[in-house]
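K.L.:
Here you go, one structure.
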Ligand code: 5GP
Ligand code: ZN
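Right, here's the structure in full:
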């Protein structure tokens, strides 16, 4: 069923604490934790606690939680003090775009100059 935890999903395991992560924020519906392989001084992943394969699937099935993820991305940027200098919220969607974990997640990147368009 949409949103149910998956036993084979790394981020579902982080939600329940089965895989450790450095959590920076948590709400009823979301968790934000530091990326294990940071690409910027601030590199935090914001995920819904529910399992959805990608951002579009999340928005279709649970639009309120998709909004929670976006709001939390902004809160992370404020907490990390990257909001004044600018930051980037990225949803890689599909393997061809670099998605490697198929549980929806927003990357929040900041703390350095971010070129556009990205590589
Ligand atoms: P994607 O490539 O799917 O957009 O992003 C997945 C992200 O998850 C990558 O940036 C990767 O470094 C991060 N990641 C993969 N495994 C782990 C893990 O076990 N813990 C944490 N904190 N991040 C992970
Ligand atoms: Zn999952």
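Numbering (the numbering used here), first residue to last: 283 to 401. Virtual Cβ for every residue (Gly too), placed ideally from N, Cα, C.
1) Quick check: is the beta carbon of residue 361 nearer than 9 Å to any beta carbon in chain D?
2) Taking DSSP's pairing of strands, which residues face residue 327 in a bridge?
3) Measuring only the C-alpha atoms, how far is residue 370 from residue 307?
4) With 16 as the cutoff for other CB atoms within 10 Å, does residue 290 come out buried or exposed?
5) Below 8 Å, how does it come out for the segment 301-318 and the segment 367-386: are there three or more Cβ pairs, yes or no?
6) Candidates 396, 374, 343, 401: which alpha carbon is nearest residue 283's?
7) Give a yes or no on whether the C-beta atoms belonging to residue 385 and residue 373 are separated by under 9 Å.
8) Within this structure, are the beta carbons of residue 393 and residue 324 separated by less than 9 Å?
9) If contacts are defined as beta-carbon pairs under 8 Å, then residue 294 and residue 302 qualify, I think. What distance do you get, rounded to the angstrom?
10) For residue 299, does the three-state DSSP call read helix, strand or coil?
P.N.:
Looking at the coordinates:
1) You won't find chain D in this structure, because it holds only one protein chain.
2) Residue 327 has 315, 389 as its beta-bridge partners, per DSSP.
3) Their backbone Cα atoms lie some 18 Å apart in a straight line.
4) By the neighbour-count rule (16 or more Cβ atoms within 10 Å), residue 290 is not buried but exposed.
5) No, because fewer than three Cβ pairs between the segment 301-318 and the segment 367-386 fall closer than 8 Å, the two stretches do not touch.
6) Its Cα nearest to that of residue 283, the residue 343 stands out among 396, 374, 343, 401.
7) For residue 385 and residue 373, no; Cβs fall outside 9 Å.
8) Yes. Within cutoff.
9) About 14 Å separates the CB atoms of residue 294 and residue 302; that is not less than 8 Å, and the two are not in contact.
10) Reduced to three states, the DSSP call for residue 299 is coil.
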